[in-house]
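Which chain is which? The protein sequence lines are A, B, C, D, E and F, in order.
Quick note, in my numbering, the first sequence goes up one by one and the last residue is 390.
Quick note, in my numbering, the second sequence goes up one by one and the last residue is 390.
Quick note, in my numbering, the third sequence goes up one by one and the last residue is 390.
Quick note, in my numbering, the fourth sequence goes up one by one and the last residue is 390.
Quick note, in my numbering, the fifth sequence goes up one by one and the last residue is 390.
Quick note, in my numbering, the sixth sequence goes up one by one and the last residue is 390.
Where a beta carbon is used, it is the ideal one built from N, C-alpha and C, also for glycine.
Every value quoted in this text rests on a predicted model; they were computed, and no experiment measured them.
Below you'll find the structure, written out as structure tokens, and then a few comments.
Number of protein chains: 6
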Amino acid sequence: MANTVYLTRRERFNAAHKLWVPAWDDKKNYEVFGKCSNPNWHGHNYDLFVTVKGAPDPVTGFCMDLKFLSDLVGDKVISKMDHKNLDMDVDFMKGKMSSAENIAISIWEQLEESVVAQGCRLHSVKLYETENNIVEYFGGE
Amino acid sequence: MANTVYLTRRERFNAAHKLWVPAWDDKKNYEVFGKCSNPNWHGHNYDLFVTVKGAPDPVTGFCMDLKFLSDLVGDKVISKMDHKNLDMDVDFMKGKMSSAENIAISIWEQLEESVVAQGCRLHSVKLYETENNIVEYFGGE
Amino acid sequence: MANTVYLTRRERFNAAHKLWVPAWDDKKNYEVFGKCSNPNWHGHNYDLFVTVKGAPDPVTGFCMDLKFLSDLVGDKVISKMDHKNLDMDVDFMKGKMSSAENIAISIWEQLEESVVAQGCRLHSVKLYETENNIVEYFGGE
Amino acid sequence: MANTVYLTRRERFNAAHKLWVPAWDDKKNYEVFGKCSNPNWHGHNYDLFVTVKGAPDPVTGFCMDLKFLSDLVGDKVISKMDHKNLDMDVDFMKGKMSSAENIAISIWEQLEESVVAQGCRLHSVKLYETENNIVEYFGGE
Amino acid sequence: MANTVYLTRRERFNAAHKLWVPAWDDKKNYEVFGKCSNPNWHGHNYDLFVTVKGAPDPVTGFCMDLKFLSDLVGDKVISKMDHKNLDMDVDFMKGKMSSAENIAISIWEQLEESVVAQGCRLHSVKLYETENNIVEYFGGE
Amino acid sequence: MANTVYLTRRERFNAAHKLWVPAWDDKKNYEVFGKCSNPNWHGHNYDLFVTVKGAPDPVTGFCMDLKFLSDLVGDKVISKMDHKNLDMDVDFMKGKMSSAENIAISIWEQLEESVVAQGCRLHSVKLYETENNIVEYFGGE
Numbered sequence: 250m251a252n253t254v255y256l257t258r259r260e261r262f263n264a265a266h267k268l269w270v271p272a273w274d275d276k277k278n279y280e281v282f283g284k285c286s287n288p289n290w291h292g293h294n295y296d297l298f299v300t301v302k303g304a305p306d307p308v309t310g311f312c313m314d315l316k317f318l319s320d321l322v323g324d325k326v327i328s329k330m331d332h333k334n335l336d337m338d339v340d341f342m343k344g345k346m347s348s349a350e351n352i353a354i355s356i357w358e359q360l361e362e363s364v365v366a367q368g369c370r371l372h373s374v375k376l377y378e379t380e381n382n383i384v385e386y387f388g389g390e
Numbered sequence: 250m251a252n253t254v255y256l257t258r259r260e261r262f263n264a265a266h267k268l269w270v271p272a273w274d275d276k277k278n279y280e281v282f283g284k285c286s287n288p289n290w291h292g293h294n295y296d297l298f299v300t301v302k303g304a305p306d307p308v309t310g311f312c313m314d315l316k317f318l319s320d321l322v323g324d325k326v327i328s329k330m331d332h333k334n335l336d337m338d339v340d341f342m343k344g345k346m347s348s349a350e351n352i353a354i355s356i357w358e359q360l361e362e363s364v365v366a367q368g369c370r371l372h373s374v375k376l377y378e379t380e381n382n383i384v385e386y387f388g389g390e
Numbered sequence: 250m251a252n253t254v255y256l257t258r259r260e261r262f263n264a265a266h267k268l269w270v271p272a273w274d275d276k277k278n279y280e281v282f283g284k285c286s287n288p289n290w291h292g293h294n295y296d297l298f299v300t301v302k303g304a305p306d307p308v309t310g311f312c313m314d315l316k317f318l319s320d321l322v323g324d325k326v327i328s329k330m331d332h333k334n335l336d337m338d339v340d341f342m343k344g345k346m347s348s349a350e351n352i353a354i355s356i357w358e359q360l361e362e363s364v365v366a367q368g369c370r371l372h373s374v375k376l377y378e379t380e381n382n383i384v385e386y387f388g389g390e
Numbered sequence: 250m251a252n253t254v255y256l257t258r259r260e261r262f263n264a265a266h267k268l269w270v271p272a273w274d275d276k277k278n279y280e281v282f283g284k285c286s287n288p289n290w291h292g293h294n295y296d297l298f299v300t301v302k303g304a305p306d307p308v309t310g311f312c313m314d315l316k317f318l319s320d321l322v323g324d325k326v327i328s329k330m331d332h333k334n335l336d337m338d339v340d341f342m343k344g345k346m347s348s349a350e351n352i353a354i355s356i357w358e359q360l361e362e363s364v365v366a367q368g369c370r371l372h373s374v375k376l377y378e379t380e381n382n383i384v385e386y387f388g389g390e
Numbered sequence: 250m251a252n253t254v255y256l257t258r259r260e261r262f263n264a265a266h267k268l269w270v271p272a273w274d275d276k277k278n279y280e281v282f283g284k285c286s287n288p289n290w291h292g293h294n295y296d297l298f299v300t301v302k303g304a305p306d307p308v309t310g311f312c313m314d315l316k317f318l319s320d321l322v323g324d325k326v327i328s329k330m331d332h333k334n335l336d337m338d339v340d341f342m343k344g345k346m347s348s349a350e351n352i353a354i355s356i357w358e359q360l361e362e363s364v365v366a367q368g369c370r371l372h373s374v375k376l377y378e379t380e381n382n383i384v385e386y387f388g389g390e
Numbered sequence: 250m251a252n253t254v255y256l257t258r259r260e261r262f263n264a265a266h267k268l269w270v271p272a273w274d275d276k277k278n279y280e281v282f283g284k285c286s287n288p289n290w291h292g293h294n295y296d297l298f299v300t301v302k303g304a305p306d307p308v309t310g311f312c313m314d315l316k317f318l319s320d321l322v323g324d325k326v327i328s329k330m331d332h333k334n335l336d337m338d339v340d341f342m343k344g345k346m347s348s349a350e351n352i353a354i355s356i357w358e359q360l361e362e363s364v365v366a367q368g369c370r371l372h373s374v375k376l377y378e379t380e381n382n383i384v385e386y387f388g389g390e
């Protein structure tokens, strides 16, 4: 597409989680997940970067209104994840390990339809679990 | 190309702008652009990341001399945008909405020819309007 | 005071301004203020850190509710400065040069009374004009 | 003291917590603590800055060996708080609200004696709960 | 591949180096490399971002265990480069200019085989020489 | 002083150094300084924050012109330390261990007289050796 621009909005949320396979005993969970398996949870300040792509509107100069994008991410993701327990409180994480990989995939699934409904495409969901641990998801094929 | 490396230089500029469609009245401008339509301008510290790509020179190990790239961006972009009003002072923004999308496209157009003249290709122009609002442009087709 | 804790809330605002002494001609303004004297304004993303001090409440563990502090700074400062022209739109900056120093002093004056009314003391107002230029004000004597 | 230098080491930990007064009902807890009262916990990446002060040793040029300081904070604080639940797993937080204020005070108490034993003084404990919410503690009198 | 996720680990190292072509005299080295040719070395805090890609494991939710990736980068790269002289101490840099471009390519070569042995692919090696100078390498063809 | 404002300028430099006491053998140097004693040097990107204090000028609103402060630090410090070897190339570090503590004290000594000559006082010199290791010096008594 001519003049495709990639537009990114950063949002953040704080949440508790743990990495724990119920079918495994404590020892195996600790071997695989280390201190992330702490039974009483731990948590993160997650930094979320959602990137959409499209051509800028000839009048407004916008691919997508960043306020709309911020509200969309706020409604579909942040309001459901911020100050929550990812393993207990978040409907779209039910039955999934709350690895950063799975969180990113799940956030993509929450957002894709609404972004397309705006005439844009969802390009990527990038998630910083910490400043050292980062995942990015560009959708499945 | 064998051993293509992507080389990025960050430069920054501070500028005033507003988002305002002259054909619309105040009410419509406020509805669409919110507080970005403030008639007396507002401004940003923009962070600009310019990425070029090419193979490292076998002798110097450089794709492009970063000092050259910094000077090029300084000459073609920063000297024209820093401490300026994007809507009034910048020749290559004339007649365009100063959305982050349009600024990124315009900066690309300022730089592409000079980068190619150095035997490299321009890969992307990434612009942080704030730490939450980011656009990236990879050129049109 | 026993167990005084210093509590800081970061808020941000984007604004246009220029440095310009009306009694001076263009040449002198440019000599003193350089590119900050651009007649058509320029702007910044300001990072504001407001620090209050007090003893934590024995029940809540709070010196001051950070949501209250955020709302207070939002109401007294951000709502008046964000996406505004500091020299034209902000009542409490009228007649003052919008140097970072004066902005910090003025923000202090906006906040002090309300902080004291909460049983805390205002400790400092720190303002990042850019990541390189920073001022901090601890009140006058 | 002649030539006092302030030396700071940053360490980080991730932890779950909630703000909850057992003597209050759900409604009052939510009124006071908002989403921080989520019963299923939430969490943060905490950034901790510990500052000691002293005169540099004439031979090594060190106030305190930063590796020693890092190990000390690791042993007394990080190993007990990282990937833990601050309200359930941390002995020195027992019976205290896990407000950022109280965490900072508790960390000070964990560290002071060992710093003094090295011939330095503990100057401050600064804790970033998020990039917007920061507390600093300089000790009680 | 269905559900490919890109996983990034940041590691850091501090090192000394200089840019110097032995076949050139001092004057030519200074002309080409500027202050980077200082004969007595200079140095950097390098930030290294290693990105691998793969599908999350259905049980653990991991593409690759980040602790494994961190240990791998630690073993193959950081232990050999941190607090070293890149031009004198690092076997896999021997005979190469220590430009950021060449460092990134060399780090890729150090890591690729071990990443593939884990059933993932190495996607990119991104290196911040400073916050303004950044290279990224995606492998040769 | 009425309305004292603290004004900070950030500057940066890259340099090589090592920690090494000539009177000690290799083993003792390694015991005390660890990998910082690497004989072939290592290096850092140093972030330097210089803070001066004074009352804003009633006309300009400036405590000190930040461009002047930047030029002063550039002339007295950065030009002598950037892309240098701190142990071999820097006259005012001769005969001193290049610990972060000693660097900060030496930078203070370089700057104090010139700041006072401008009618301000030097408040502090803060030096980030890495984002985890920080020293600050407020002058001796």
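Nearest-angstrom Cα separation, counted from F:F298 out to F:S348: Approximately 17 Å between the Cα atoms of the pair.
Taking 8 Å as the threshold, find out whether the stretch 370-386 of chain D comes into contact with the stretch 276-284 of chain E through three or more Cβ pairs. no
Among the candidates A:Y377, A:L360 and A:V308, whose CA atom is the shortest distance from the CA of B:V270? A:V308
What ranges does the beta strand (DSSP E) occupy inside the stretch 329-387 of chain D, keeping only unbroken runs of at least 3 residues that lie completely in it? Runs of the beta strand (DSSP E) inside the stretch 329-387 of chain D: 370-377 and 382-386.
Any non-hydrogen atom of the ligand SAH closer than 7 Å to A:G388 Cβ: Absence of the ligand SAH from the depicted structure is noted, as is the absence of any ligand whatsoever, leaving it without description.
Apply the 10 Å Cβ neighbour rule to C:P288 and answer buried if 16 or more other Cβ atoms are within range, or exposed otherwise. exposed
Could you tell me if F:S355 is buried or exposed, where buried requires 16 or more neighbouring beta carbons within 10 angstroms of its beta carbon? buried
Under 8 Å (Cβ pairs) to chain F, residues found in the stretch 264-288 of chain C: L268, V270, V281, F282 and G283
Do you know offhand how far B:G388's Cα is from F:Q367's? 50 Å
Members of the stretch 310-321 of chain F near chain C, C-beta cut-off 7 Å: G310, F311, C312, L315 and K316
Leaving aside the five residues before and after E:V326 along the sequence, list all residues of the same chain whose C-beta is less than 6 Å from its C-beta, in chain order. I356 and Q359
Short CB-CB distance (under 8 Å) between A:Y386 and chain E: yes
Along the chain, which unbroken stretches of the alpha helix (DSSP H) at least 4 residues long are found entirely within the stretch 300-334 of chain E? List check, alpha helix (DSSP H) in window: 315-322.
How many Å lie between E:H266 and E:R370 at the Cα? So the two alpha carbons sit approximately 30 Å from each other.
Taking a Cβ distance cut-off of 9 Å, strictly less, list which residues of the stretch 333-345 of chain A are near chain E, in chain order. K345
Grouping DSSP H, G and I as helix and E and B as strand, with all else coil, what is A:N287? In the structure shown, A:N287 sits in coil (DSSP, three-state: anything other than H, G, I, E or B).
Presumed contact (8 Å Cβ cut-off) between A:D331 and A:N252, rounded CB distance: Taking 8 Å as the upper bound for CB-CB distance, A:D331 and A:N252 are not in contact here, some 35 Å apart.
Along chain E, which residues have their Cβ under 8 Å away from the Cβ of F:D331? K284 and H291
Where does A:G389 sit, in a helix, a strand or coil, going by DSSP? Coil.
What whole-angstrom Cβ distance do B:G310 and E:K345 have, given they're in contact under 8 Å? Yes, they are in contact, since the Cβ atoms of B:G310 and E:K345 sit about 7 Å apart, within 8 Å.
Starting from E:I383, find everything on chain B with Cβ-Cβ shorter than 9 Å and list it in chain order. Listed along chain B, the residues sitting closer than 9 Å to E:I383 by beta-carbon distance are Y255, L256, T257, R258, R259, F298 and T300.
Which of the three DSSP states, helix, strand or coil, is assigned to D:D275? helix
If you compare alpha carbons, which of E:H291, E:L376, E:L256 and E:Y255 is closest to F:D338? E:H291
Exposed or buried, what is F:V365 when buried is set at 16 or more other beta-carbons lying within 10 Å of its beta-carbon? exposed
Within-8 Å CB hit, D:N294 to chain C: Answer no: the Cβ-Cβ gap between D:N294 and chain C never drops below 8 Å.
Residues sharing a beta bridge with B:F282, DSSP: In DSSP, B:F282 forms no bridge with anything.
Indicate whether at least one CB of chain E lies closer than 8 Å to the CB of B:N351. no
Throw me the rounded Cβ distance for the B:K392 and B:H372 pair, which I believe falls under 8 Å. Because chain B spans 250 through 390 in this model, residue 392 of chain B falls outside it and cannot be assessed.
So what does DSSP say about B:N263, is it helix, strand or coil? strand
If you reduce the DSSP assignment to three classes, tell me which class C:T257 lands in. strand
Are the CB atoms of B:L315 and B:R259 nearer to each other than 8 Å? no
Would you mind telling me which residues of chain F sit closer than 8 Å to C:I354, beta carbon to beta carbon, in chain order? N252, V254 and P305
From D:D395 to C:D336, what distance separates their C-alpha atoms? Residue 395 of chain D cannot be examined here, being either before or after the span of chain D that is shown, 250 to 390.
Using CA atoms only, rank isn't needed, just tell me which of C:K343, C:G323 and C:W273 is closest to C:R261. C:G323
For A:N252, does the three-state DSSP call read helix, strand or coil? coil
Leaving out five residues before and five after C:W273 in sequence, what residues of the same chain have Cβ atoms less than 8 Å from its Cβ? V281
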